[in-house]
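For the sequence shown, position 467 matches number 467 in UniProt numbering, and the numbering has no gaps at all.
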Amino acid sequence: MMGSRRMRNNKLLLNLGATGNPFHNLEKTTVLQEARMFNETPVNPRKCTHILTKILYLINQGEYLGTSEATEAFFAITKLFQSKDVMLRRLVYLGIKDLSTTAEDVIIVTSSLTKDMTGKEDLYRAAAIRALCKITDSTMLQAIERYMKQAIVDKIHAVSSAALVSSLHLMKTSPEVVKRWVNEAQEAVNGDNIMVQYHAFGLLYHIRKTDRLAVSKLVAKFTRMVLKSPYAVCMLIRIACKVMEEEGTSLDNPLFDFIECCLRHKSEMVIYEAAHAIVNLKQTTSRELAPAVSVLQLFCSSPKPTLRFAAVRTLNKIAMTHPAAVTACNLDLENLITDVNRSIATLAITTLLKTGSESSVDRLMKQIASFMSEISDEFKIVVVHAIRSLCLKFPRKHGVMMNFLSSMLRDEGGFEYKKAIVDTIISIIEENPDAKEVGLAHLCEFIEDCEHTSLAVRILHLLGREGPRTEKASKYIRFIYNRVILENASVRAAAVSSLAKFGANSEELLPNVLVLLRRCLFDTDDEVRDRATYYLRILEQQQKSLNSQYILNAINVSIVGLEKALHQYSLDPTIMPFDMKSVPLATQPITAEEPKTIEVAPVKSAEKIAASRQDVLADQLSDIPQLACLGPLFKSSSPILLTELETEYVVRCIKHTFQSHLVFQFECSNTLNDQILENVYVHIEPGEGFSIVGEIVCPKLSYNSPGNTYTIIKLPADPTAVTGSFSNVMKYKVKDCDPNTGEPDDEEGYDDEYMLEDLEVTLADHMQRVMKPNFAAAWEEVGAENELQDTYALSTVSTIDEAIKNIIQFLGMQPCERSDKVGEGKTSHTLFLSGTFRGGHECLVRAKLAALNEGVTMNLTVRSTDPHVTEIITGAVG
Numbered sequence: 001m002m003g004s005r006r007m008r009n010n011k012l013l014l015n016l017g018a019t020g021n022p023f024h025n026l027e028k029t030t031v032l033q034e035a036r037m038f039n040e041t042p043v044n045p046r047k048c049t050h051i052l053t054k055i056l057y058l059i060n061q062g063e064y065l066g067t068s069e070a071t072e073a074f075f076a077i078t079k080l081f082q083s084k085d086v087m088l089r090r091l092v093y094l095g096i097k098d099l100s101t102t103a104e105d106v107i108i109v110t111s112s113l114t115k116d117m118t119g120k121e122d123l124y125r126a127a128a129i130r131a132l133c134k135i136t137d138s139t140m141l142q143a144i145e146r147y148m149k150q151a152i153v154d155k156i157h158a159v160s161s162a163a164l165v166s167s168l169h170l171m172k173t174s175p176e177v178v179k180r181w182v183n184e185a186q187e188a189v190n191g192d193n194i195m196v197q198y199h200a201f202g203l204l205y206h207i208r209k210t211d212r213l214a215v216s217k218l219v220a221k222f223t224r225m226v227l228k229s230p231y232a233v234c235m236l237i238r239i240a241c242k243v244m245e246e247e248g249t250s251l252d253n254p255l256f257d258f259i260e261c262c263l264r265h266k267s268e269m270v271i272y273e274a275a276h277a278i279v280n281l282k283q284t285t286s287r288e289l290a291p292a293v294s295v296l297q298l299f300c301s302s303p304k305p306t307l308r309f310a311a312v313r314t315l316n317k318i319a320m321t322h323p324a325a326v327t328a329c330n331l332d333l334e335n336l337i338t339d340v341n342r343s344i345a346t347l348a349i350t351t352l353l354k355t356g357s358e359s360s361v362d363r364l365m366k367q368i369a370s371f372m373s374e375i376s377d378e379f380k381i382v383v384v385h386a387i388r389s390l391c392l393k394f395p396r397k398h399g400v401m402m403n404f405l406s407s408m409l410r411d412e413g414g415f416e417y418k419k420a421i422v423d424t425i426i427s428i429i430e431e432n433p434d435a436k437e438v439g440l441a442h443l444c445e446f447i448e449d450c451e452h453t454s455l456a457v458r459i460l461h462l463l464g465r466e467g468p469r470t471e472k473a474s475k476y477i478r479f480i481y482n483r484v485i486l487e488n489a490s491v492r493a494a495a496v497s498s499l500a501k502f503g504a505n506s507e508e509l510l511p512n513v514l515v516l517l518r519r520c521l522f523d524t525d526d527e528v529r530d531r532a533t534y535y536l537r538i539l540e541q542q543q544k545s546l547n548s549q550y551i552l553n554a555i556n557v558s559i560v561g562l563e564k565a566l567h568q569y570s571l572d573p574t575i576m577p578f579d580m581k582s583v584p585l586a587t588q589p590i591t592a593e594e595p596k597t598i599e600v601a602p603v604k605s606a607e608k609i610a611a612s613r614q615d616v617l618a619d620q621l622s623d624i625p626q627l628a629c630l631g632p633l634f635k636s637s638s639p640i641l642l643t644e645l646e647t648e649y650v651v652r653c654i655k656h657t658f659q660s661h662l663v664f665q666f667e668c669s670n671t672l673n674d675q676i677l678e679n680v681y682v683h684i685e686p687g688e689g690f691s692i693v694g695e696i697v698c699p700k701l702s703y704n705s706p707g708n709t710y711t712i713i714k715l716p717a718d719p720t721a722v723t724g725s726f727s728n729v730m731k732y733k734v735k736d737c738d739p740n741t742g743e744p745d746d747e748e749g750y751d752d753e754y755m756l757e758d759l760e761v762t763l764a765d766h767m768q769r770v771m772k773p774n775f776a777a778a779w780e781e782v783g784a785e786n787e788l789q790d791t792y793a794l795s796t797v798s799t800i801d802e803a804i805k806n807i808i809q810f811l812g813m814q815p816c817e818r819s820d821k822v823g824e825g826k827t828s829h830t831l832f833l834s835g836t837f838r839g840g841h842e843c844l845v846r847a848k849l850a851a852l853n854e855g856v857t858m859n860l861t862v863r864s865t866d867p868h869v870t871e872i873i874t875g876a877v878g
């Protein structure tokens with residue numbers, strides 16, 4: 001008996017498997033022809049339901065219906081209103097919604113839908129409301145406004161929810177009409193149904209979300225009430241967090257007290273939402289985190305897998321910034337290591353890796369290695385990120401970590417997974433000098449079988465930068481040259497660049513590198529041949545300055561700016577050679593994480609290189625005739641706020657630096673809807689030596705329509721005078737206007753002015769950051785001809801780390817060779833900085849820092865291609 005039953009079940013499964021999806025092979029034309037049955041009288045509900053299901057299936061699978069096809073199907077569906085079959089009628093509403101965006105004259109069914117919306121059949125009403133609001137435009141909405149208000153407060157909960165959700169959608173097209181339904185929404189919020197209260201609260205928020213004061217009042221009101229819907233409470237928590245972040249308030253306020261109170265709510269959903277909100281608040285400290293962590297600790301022992309997963313994932317996030325706060329949960333997290341859900345177990349171990357002690361690392365690594373093959377790439381990446389933070393925390397354990405990462409590299413996995421491992425190994429190499437040779441060896445093994453071109457290119461770039469500085473640099477050349485023989489053109493080109501760096505760094509290896517580069521001259525790819533020829537000719541000169549300038553420290557210019565400058569040069573016939581100083585510098589520094597394209601990969605892509613912010617600003621300024629004659633833009637600052645955000649006029653300033661001029665771009669906004677400002681400009685009192693040579697006014701500043709005004713300032717004749725303070729007053733003519741139409745009430749108006757904050761022009765405004773991958777070579781290239789040295793006592797800072805941040809910000813220069821990273825407990829450090837001063841003058845800074853009881857002492861050495869620049873930097877620091 002049992003055997004025959006099992007056979008019958010197996011036959012049923014086989015039949016189902018053979019049948020599969022009954023709609024799999026539908027053809028649009030056939031289905032639309034079948035839809036003609038909708039016109040028959042009387043309606044056959046069973047057949048029409050099946051055909052209408054086919055139409056809806058095709059639409060939801062992405063099948064496109066033309067306008068005529070959709071219109072014909074739509075009007076055929078409307079014939080089905082004569083049927084009283086509940087299932088067919090509800091499908092009709094779905095069909096109307098799906099076809100409404102394509103078909104024409106859909107408004108014709110408004111009367112039928114309105115009839116169903118206000119009828120006595122409760123099963124139709126909610127669906128009819130949703131369909132009606134889908135096809136109703138802003139002109140027809142007022143005709144059903146009365147019915148919508150009644151539906152919002154209807155005693156049938158499904159009808160009320162449908163009306164509220166439809167109102168939310170109507171807010172996008174007809175916000176002014178929906179705003180009149182506030183009283184009905186307020187009444188619905190006070191109801192007993194959970195979903196109705198949630199939807200009503202959401203509608204109230206969206207009606208008021210553009211008014212910050214109204215939102216604050218809404219939140220203050222409902223935080224004092226007891227909302228029955230846990231969904232509404234979760235939304236209230238999110239809105240409260242948003243208000244706190246926008247207003248920048250401290251955590252000592254009623255909103256945070258409300259969120260903390262929700263940690264004791266009876267709903268688990270609300271409790272987790274409150275804990276999650278506290279964790280994600282920017283101002284949260286360990287003290288405020290404590291109650292949230294306690295709640296998450298309880299969830300770790302919950303029988304529900306979803307709660308355990310949510311808790312351990314949130315604790316994992318906390319451990320990144322506040323590991324000490326999670327330490328109390330370590331025992332509960334260890335219990336989750338054996339959880340049947342491998343995602344939970346992975347997150348538990350990675351959290352323990354961030355919070356555990358150095359002695360527990362080996363044990364945890366063995367435990368996680370036992371099931372690494374059972375988890376997805378997504379969670380393997382979480383493990384990799386945990387190992388990265390662990391290596392920074394316990395640098396002496398880098399051997400164990402490197403071996404584990406190396407074994408992970410040999411396992412199967414996608415690109416993102418392998419990229420995360422390579423990123424981690426590179427970061428360990430850069431942070432821990434003792435791990436450099438071990439890490440490079442693992443990466444050399446990986447590129448032997450690497451199937452991802454971008455990863456191979458990046459590793460080759462790293463080998464070219466770090467390999468020559470190791471004790472046995474020659475052992476890496478074999479791995480690099482293997483790539484020239486065995487890989488595709490992109491990798492071969494990167495390998496050629498890497499080889500050249502070995503030759504430029506080491507006189508001992510130079511003869512061998514030259515031999516290998518000569519072999520590359522016969523490569524089948526023109527990019528590889530060109531690189532080999534280029535590097536070969538430079539290395540044959542055996543000049544350190546050439547090696548530094550063209551191999552070790554490549555030209556750092558804006559690609560978009562270079563293209564435009566070359567194009568302009570080709571349009572104007574001249575006997576003068578092209579000047580590279582006319583090309584703007586790249587604003588994004590080249591880092592180890594983002595190797596420079598020209599060094600590591602052949603440029604064969606047809607994709608357009610995205611313009612940087614400075615390229616966009618340079619284009620905007622060049623379109624203004626008064627500014628086009630100032631020459632190429634050297635640098636643009638970040639916007640500086642000169643007013644409070646809540647004032648009637650908001651003004652931001654961007655400082656643009658040119659060869660011999662400064663341009664202040666004032667971005668002005670008028671937040672008053674009953675005023676129009678005309679002839680707006682900013683009157684400046686310049687600092688000593690600076691002079692105003694031109695002003696460009698903003699002709700009109702309407703409500704919420706930003707405008708720009710510019711002031712052109714001539715730099716002082718003294719080349720060492722580069723800093724100054726500027727007082728500013730915005731002047732304009734005011735005209736009162738109608739808030740609704742924006743039309744001015746009078747033509748004359750009156751003159752007025754508005755005080756702004758002072759502006760400071762600093763040394764950083766004249767300095768562009770430039771990365772030097774090999775600082776020592778650049779230092780020797782510039783030479784000691786214009787060198788200045790002095791010693792300073794930095795009494796305002798107490799630590800070396802703080803001193804480094806202040807120096808970088810003050811000088812506006814780029815830290816090189818990760819010299820801005822200070823090891824824990826170090827009392828002395830050397831900072832390397834590189835930059836280009838206005839006019840294209842290269843400058844380098846070596847700052848030796850020592851921490852003393854009374855502050856930090858700095859020995860500053862400055863080298864530059866221009867003697868005035870060294871004088872400016874040393875004088876500014878003093």
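We treat Cβ as the ideally placed atom computed from N, Cα and C, and that holds for glycine.
{"Check": "Are the CB atoms of L844 and V782 within a distance shorter than 7 Å?", "Outcome": "yes"}
{"Check": "Just how far apart, CA to CA, sit G840 and S474?", "Outcome": "37 Å"}
{"Check": "For T351 and L315, I'd like the C-alpha separation in whole angstroms.", "Outcome": "7 Å"}
{"Check": "For H157, report the span of its alpha helix (DSSP H) as first-last.", "Outcome": "H157 to L170"}
{"Check": "Taking the beta carbon of S294 as the centre, do at least 16 other beta carbons fall within 10 Å, making it buried, or is it exposed?", "Outcome": "exposed"}
{"Check": "Measuring alpha carbon to alpha carbon, tell me which of C241, C300 and A311 ends up nearest T284.", "Outcome": "C241"}
{"Check": "For the alpha helix (DSSP H) containing D154, list its first residue and its last residue.", "Outcome": "It is not in any alpha helix (DSSP H) - D154 carries neither H nor E in the DSSP assignment."}
{"Check": "Across the segment 739-748 and the segment 682-689, are there enough close Cβ pairs to call them in contact, namely three or more that are closer than 8 Å?", "Outcome": "no"}
{"Check": "Under 8 Å, with one C-beta from each stretch per pair, do the segment 227-240 and the segment 198-216 reach the 3-pair mark?", "Outcome": "yes"}
{"Check": "How is T857 classed by DSSP in three states: helix, strand or coil?", "Outcome": "strand"}
{"Check": "Just the C-alpha distance for N547 and N774, rounded to the nearest angstrom, thanks.", "Outcome": "11 Å"}
{"Check": "Residues in its own chain within less than 7 Å of S819 by CB, not counting five upstream and five downstream?", "Outcome": "T830, L831 and F832"}
{"Check": "DSSP beta-bridge partners for Q197?", "Outcome": "Paired residues: none, contrary to the question."}
{"Check": "So, with DSSP's three-state summary, where would you put R398?", "Outcome": "A quick correction: the sequence has His, not Arg, at residue 398. In the structure shown, H398 sits in a helix (DSSP, three-state: H, G or I)."}
{"Check": "Return the chain-ordered list of same chain residues with a C-beta closer than 6 Å to the C-beta of F81, the five sequence neighbours on each side being excluded.", "Outcome": "S112"}
{"Check": "Taking the beta strand (DSSP E) that A793 falls in, what are its first and last residues?", "Outcome": "L788 to L794"}
{"Check": "If you scan the segment 719-805 from start to end, which runs of the alpha helix (DSSP H) of 4 or more residues do you find wholly inside it?", "Outcome": "775-782"}
{"Check": "Can you tell me which residues form a DSSP beta bridge with Q814?", "Outcome": "S834"}
{"Check": "Report yes or no: do three or more beta-carbon pairs, one from the segment 848-867 and one from the segment 803-810, lie closer than 8 Å?", "Outcome": "yes"}
{"Check": "Could you tell me which of K821, L56 and K354 sits nearest to V383, measuring between CA atoms?", "Outcome": "K354"}
{"Check": "Which term fits C48, buried or exposed, when burial requires 16 or more other beta carbons within 10 angstroms of its beta carbon?", "Outcome": "buried"}
{"Check": "Run through DSSP, which three-state label would A606 get?", "Outcome": "Since pLDDT at A606 reaches only 38, below the 50 mark, its modelled position is unreliable, and the value read off the structure follows with that caveat. Coil, per DSSP."}
{"Check": "Quick one: what does DSSP say P699 is sitting in, helix, strand or coil?", "Outcome": "strand"}
{"Check": "What residue range does the beta strand (DSSP E) around N670 cover?", "Outcome": "H661 to N670"}
{"Check": "Pairing CB atoms from the segment 748-757 with CB atoms from the segment 698-714, are three or more of them under 8 Å?", "Outcome": "no"}
{"Check": "Run through DSSP, which three-state label would Y681 get?", "Outcome": "strand"}
{"Check": "Look up C843 in the DSSP assignment and say whether it is helix, strand or coil.", "Outcome": "strand"}
{"Check": "For V600 and S490, what's the separation of their Cα atoms in angstroms?", "Outcome": "With a pLDDT of only 33 at V600, under 50, the local geometry of the prediction cannot be trusted, and the value read off the model is given with reservation. About 8 Å."}
{"Check": "What residue from Y569, E563 and L510 has the CA that sits closest to E540's CA?", "Outcome": "L510"}
{"Check": "Between the segment 123-140 and the segment 163-171, do three or more beta carbon pairs fall short of 8 Å?", "Outcome": "yes"}
{"Check": "Among Y147, S582 and R518, which has the Cα closest to the Cα of K115?", "Outcome": "Y147"}
{"Check": "Short check: CB of R529 to CB of L521, under 7 Å?", "Outcome": "yes"}
{"Check": "Report yes if the CB atom of P468 is closer than 7 Å to the CB atom of S498, and no otherwise.", "Outcome": "no"}
{"Check": "May I ask you to report which of helix, strand or coil DSSP gives T597?", "Outcome": "For T597, the pLDDT reaches just 32, beneath the cut-off of 50, and the residue's location in the model is therefore unreliable, although a value from the coordinates is still provided. Looking at T597 - three-state DSSP - the assignment turns out to be helix."}
{"Check": "Could you round the C-beta distance between C653 and P706 to whole angstroms and report it? I think they count as a contact, below 8 Å.", "Outcome": "Contact doesn't hold; Cβ gap of about 13 Å is too wide."}
{"Check": "Is the separation between the beta-carbon of I77 and that of V92 shorter than 7 Å?", "Outcome": "yes"}
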